[in-house]
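Here is the structure we will look at.
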Ligand code: SF4
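Residue numbers (the numbering used here): 236 to 602.
Structure (structure tokens):
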């Protein structure tokens with residue numbers, strides 16, 4: 236990146252068709268969007284709307300809700316109307332809920348062809364209903380529920396099998412002139428998943444929804460998703476992402492946003508650059524970094540704050556940041572925009588950094 240210029244994204248994006256999920260463009264030149272899925276019973280409208288509100292506050296742009304029962308389908312109308320971000324209905328097994336979701340005003344529908352037995356017979360009607368409503372459909376192929384025919388053909392859920400399943404289902408829609416589609420080919424193994432999306436991106440120009448399915452608990456799932464999304468996005472592949480973690484969904488959104496920020500696919504917000512500490516550290520860097528992070532939590536501004544443990548790399552890193560501290564000898568030298576401005580005792584480093592960060596943010600021009 237060149238100082239003073241907008242950050243360079245990791246790669247030129249692959250050219251895809253653009254679809255609209257409610258008011259969020261996906262594909263084409265639209266920024267990569269972050270989505271998540273609620274964990275509440277969809278039929279519990281209040282709990283679901285409350286969770287959607289939390290996700291929205293965290294930066295989620297599109298939300299998906301599961302629709303396994305008629306009660307859930309009945310709840311969609313109110314949820315779609317009251318949610319401030321587009322709602323996608325997630326349908327397995329029952330084509331009738333696809334129609335219910337479209338009637339309810341959902342912004343899109345996700346179908347898993349492997350799980351909808353009579354799906355092929357219904358495609359014409361689904362395509363017509365979605366066209367009339369002007370909404371897109373996600374063909375969501377999942378390794379765990381791959382079409383039996385393809386499982387037999389390939390022996391397991393290989394990248395080729397996932398892609399063939401997705402493109403076959405797309406072709407059924409295309410026969411009816413429907414192309415308002417995005418695709419996902421998820422697998423819990425990031426290597427299989429990456430190869431599946433690579434293959435898919437060579438064979439169609441539909442926008443792609445990236446996901447490592449059942450990625451796991453927070454630590455493992457975050458790493459798997461970051462590695463897989465990082466590989467694909469750095470090749471320009473991927474138009475919208477969903478991180479799947481066994482955690483409250485707000486965590487998925489935070490991880491998704493952080494992945495995009497790390498790749499310069501989203502404007503960076505608050506960034507704490509802190510050194511790991513080593514035998515030269517003259518302060519407890521971990522504690523200092525934690526306290527600064529906690530003190531600045533919720534600050535929604537593109538600010539880079541460096542917390543460095545000693546004077547070896549400290550001044551260098553602190554100079555590169557908007558604000559920084561190089562610690563040593565019971566003191567902290569505070570830098571603002573590369574200029575050392577003052578030295579404070581160690582006990583005052585955190586409050587000084589917070590104070591200066593707030594001043595810098597206040598002085599930022601309004602967007
Ligand atoms: Fe060690 Fe200093 Fe580097 Fe931190 S900045 S890792 S304390 S050498």
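Glycine included, each C-beta is placed from N, C-alpha and C at the ideal position.
Three-state class that DSSP yields for residue 372 in the structure shown: strand
Check: residue 544 C-beta below 6 Å from any heavy atom of ligand 1: yes
For residue 368, tell me which candidate among 257, 293, 448, 598 has the shortest Cα-Cα distance. 257
Beta-carbon proximity of residue 603 to residue 591, cut-off 7 Å: The question about residue 603 has no answer, for the chain in this structure spans 236 to 602.
If you follow the alpha helix (DSSP H) that residue 382 is part of, which residue opens it and which one closes it? Per DSSP, residue 382 belongs to no alpha helix (DSSP H) and is neither H nor E.
Tell me, which residues are paired with residue 411 by DSSP? None, per the DSSP bridge assignment.
Indicate, with yes or no, if ligand 1 has a heavy atom lying under 6 Å from the CB of residue 547. yes
Beta-carbon gap between residue 448 and residue 377 smaller than 7 Å: yes
Strand pairing of residue 377, partner residues [DSSP]: 421
Would the segment 446–460 count as touching the segment 402–418 if we require 3 or more Cβ pairs under 8 Å? no
Mapping DSSP to helix, strand and coil, what is residue 388? helix
Endpoints, the beta strand (DSSP E) within which residue 498 is located: The continuous stretches of beta strand (DSSP E) do not include residue 498, and DSSP gives it neither H nor E.
So residue 477 is in the beta strand (DSSP E); what residue range does that whole segment cover? 475–477
Rounded separation between residue 309 and residue 477 - CA only: 25 Å
Which residues in the same chain have their Cβ closer than 6 Å to the Cβ of residue 541, if we skip the five residues on either side of it in sequence? Cβ neighbours of residue 541 beyond the five flanking positions: 508, 552, 553, 556, 559.
State the Cα-Cα distance for the pair residue 238 and residue 389, rounded to the nearest angstrom. Low per-residue confidence applies at residue 238: pLDDT is 48, beneath 50, and the placement is therefore not dependable, though the value from the model is reported in the following sentence. Distance between the alpha carbons of residue 238 and residue 389 is about 50 Å.
Which class does residue 325 belong to by DSSP, given the choice of helix, strand or coil? Correct three-state label for residue 325: strand.
Starting from the C-beta of residue 546, find all residues in its chain whose C-beta is less than 6 Å away, skip the five residues before and the five after it, and write them out in chain order. 561, 563
Mind checking which residues open and close the beta strand (DSSP E) that includes residue 507? 506–509
Where the beta strand (DSSP E) containing residue 468 begins and where it ends: Segment 453–468 is the alpha helix (DSSP H) holding residue 468; no beta strand (DSSP E) there.
Counted within 10 angstroms of its Cβ, other Cβ atoms place residue 454 as buried (16 or more) or exposed: exposed
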